[in-house]
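Visitor: In our numbering, the protein residues as written are 4 to 329.
Just so you know, even glycine gets a beta-carbon here, dropped at the ideal spot from N, CA and C.
No experiment lies behind these values; they were computed from the predicted model shown.
Submitted below is the structure of interest, expressed as structure tokens.
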Ligand code: HPA
Ligand code: ZN
């Protein structure tokens with residue numbers, strides 16, 4: 004029996020979503036046109052054809068190039084509003100959105116321009132559809148510690164609008180410990196912490212994210228399975244992993260979805276969740292991730308329900324809000 008109607012009907016939270024990764028080729032073209040930005044593509048089809056990645060870096064190069072069309076507050080509003088419409092369609096009732104200020108400030112776009120556009124769309128989605136959102140500001144790990152400190156300083160006046168800090172971009176060669184002092188200051192300022200670790204990087208990076216950055220969640224974390232002691236710790240601490248199946252497939256972290264370890268980790272008691280990461284680039288929003296994973300791994304109805312409940316348990320909602328959804 005198809006689990007698609009169940010997947011569609013269950014309320015869920017999304018905890019691993021880069022807003023820049025929701026830029027669909029059609030919107031990229033529209034915004035490029037109105038901003039007078041020339042894209043290295045002639046058509047939407049040509050853009051989609053370029054989305055043939057062999058690892059994380061080959062994706063990031065194209066992803067940063069696409070984000071270059073975003074210049075004005077309205078661009079960030081339109082981007083975010085379009086994503087929140089997809090949340091409504093997928094019954095995502097709560098979302099914790101990553102944004103990468105350095106991708107934009109490096110091009111001369113003000114921090115406030117980015118934040119105001121995203122925030123205004125989130126407020127409209129809450130008012131119009133009751134979708135709640137929280138924002139997580141990510142540091143680009145291929146850039147310096149000093150650049151991350153500058154970004155943190157820019158965020159301090161907006162602490163009420165940003166729940167936490169994260170760490171993304173090229174993982175291998177840029178271990179979490181590179182940002183130990185930045186995360187220490189961020190946590191002292193009251194930000195929660197998350198970090199991408201164990202996507203392409205080794206289990207040691209997951210340990211560092213936990214022990215050095217003191218994160219509350221690990222983004223991806225799928226390579227944790229290579230270290231039995233780490234697995235036991237993740238289970239004992241109920242440390243959430245925000246897993247992104249279609250991302251792992253498109254970036255060749257797994258060869259085929261039927262080789263994905265999410266079900267094995269779930270059955271062992273790891274607090275895993277399903278998320279879309281960069282859906283415009285990886286071929287599907289949250290429900291599509293559930294649907295393809297359920298088919299590939301033969302997930303049961305009970306497992307789908309647990310994954311949706313986990314998405315709230317692992318969120319940064321208050322315990323009362325979590326209870327309302329679980
Ligand atoms: N990994 C690291 N950086 C990213 C990703 C990812 O999956 N998506 C957007 N930035
Ligand atoms: Zn990610």
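Taking Cβ positions, are residue 281 and residue 57 nearer each other than 8 Å?
Guide: Going by C-beta atoms, residue 281 is not nearer than 8 Å to residue 57.
Visitor: Tell me residue 167's beta-bridge partners as DSSP assigns them.
Guide: The partner list for residue 167 (beta bridge, DSSP) reads 139, 195.
Visitor: May I ask you to verify whether the region 111-122 touches the region 303-317, counting CB pairs closer than 8 Å and requiring at least 3?
Guide: No: fewer than three Cβ pairs fall under 8 Å.
Visitor: Mind listing, in chain order, the continuous beta strand (DSSP E) runs of no fewer than 3 residues lying wholly within the region 247-303?
Guide: Qualifying beta strand (DSSP E) stretches, in chain order: 275-277.
Visitor: Under the assumption that residue 199 contacts residue 222 (Cβ atoms under 8 Å), give the Cβ distance between them as a whole number of angstroms.
Guide: Correct: roughly 4 Å between the Cβ atoms.
Visitor: Can you determine whether any heavy atom of the ligand HPA sits closer than 7 Å to the C-beta of residue 348, and answer yes or no?
Guide: Because the chain here runs from 4 to 329, residue 348 falls outside it and cannot be looked at.
Visitor: Of the residues 35, 197, 91, which one's Cα is nearest the Cα of residue 71?
Guide: When only C-alpha atoms are compared, the closest one is 35.
Visitor: Just checking residue 78 against the ligand ZN - is the residue's beta carbon closer than 7 Å to any of the ligand's heavy atoms?
Guide: Checking the Cβ of residue 78 against the ligand ZN gives no.
Visitor: What does a CB cutoff of less than 7 Å around residue 145 pick up in its chain, not counting 5 residues either side in sequence?
Guide: Within the same chain, residue 145 has close Cβ partners 172, 173, 177.
Visitor: Using DSSP's beta-bridge definition, name the partner residues of residue 200.
Guide: Paired residues: 223.
Visitor: Going by CA-CA distance only, name the one from 325, 320, 328, 290 that's closest to residue 10.
Guide: If we check each option's Cα against that of residue 10, 290 comes out closest.
Visitor: Is residue 107 helix, strand or coil by DSSP?
Guide: Helix.
Visitor: Hey, is the region 116-130 in contact with the region 309-326, meaning 3+ C-beta pairs nearer than 8 Å?
Guide: Touching, no.
Visitor: Count the other CB atoms, across all protein chains shown, that sit within 10 Å of the CB of residue 159; report buried if there are 16 or more and exposed otherwise.
Guide: Residue 159 comes out exposed.
Visitor: From what residue to what residue does the alpha helix (DSSP H) around residue 152 run?
Guide: 148-158 is the extent of the alpha helix (DSSP H) around residue 152.
Visitor: Using beta-carbon positions only, say whether residue 246 and residue 225 come within less than 8 Å of one another.
Guide: The answer is yes: Cβ separation under 8 Å.
Visitor: Could you please give the first and the last residue of the uninterrupted alpha helix (DSSP H) stretch that includes residue 47?
Guide: 47-53 is the extent of the alpha helix (DSSP H) around residue 47.
Visitor: Could you say which of 95, 32, 303 lies nearest to residue 19 if we only look at CA atoms?
Guide: Checking every option, the nearest Cα to that of residue 19 belongs to 95.
Visitor: Tell me the DSSP bridge mates of residue 102?
Guide: 140, per the DSSP bridge assignment.
Visitor: Near residue 287, which residues of its chain fall below 6 Å by C-beta distance, leaving aside the five closest residues on each side in sequence?
Guide: 249.
Visitor: Excluding the five sequence neighbours on either side, which residues of its own chain have a C-beta within less than 7 Å of the C-beta of residue 62, listed in chain order?
Guide: Cβ neighbours of residue 62 beyond the five flanking positions: 56, 254, 284.
Visitor: In terms of residues, what are the limits of the alpha helix (DSSP H) holding residue 231?
Guide: Residue 231 -> alpha helix (DSSP H) spans 231-240.
Visitor: DSSP three-state label for residue 17, please.
Guide: If DSSP states are grouped into helix, strand and coil, residue 17 belongs with the strands.
Visitor: Does the region 228-245 come close enough to the region 263-282 that 3 or more CB-CB pairs lie under 8 Å?
Guide: With a cut-off of 8 Å, the region 228-245 and the region 263-282 count as touching, because enough Cβ pairs lie within range.
Visitor: Measuring CB to CB, does residue 81 end up less than 8 Å from residue 30?
Guide: Taking 8 Å as the Cβ cut-off, residue 81 and residue 30 qualify as a contacting pair.
Visitor: Is the distance from the Cβ of residue 138 to the Cβ of residue 194 below 8 Å?
Guide: No, Cβ-Cβ distance for residue 138 and residue 194 is not below 8 Å.
Visitor: Take the Cβ of residue 418 as the centre, count every other Cβ of all protein chains shown within 10 Å, and call the residue buried at 16 or more, exposed below.
Guide: Residue 418 lies beyond the residue range present for the chain, which begins at 4 and ends at 329; the question has no answer from this structure.
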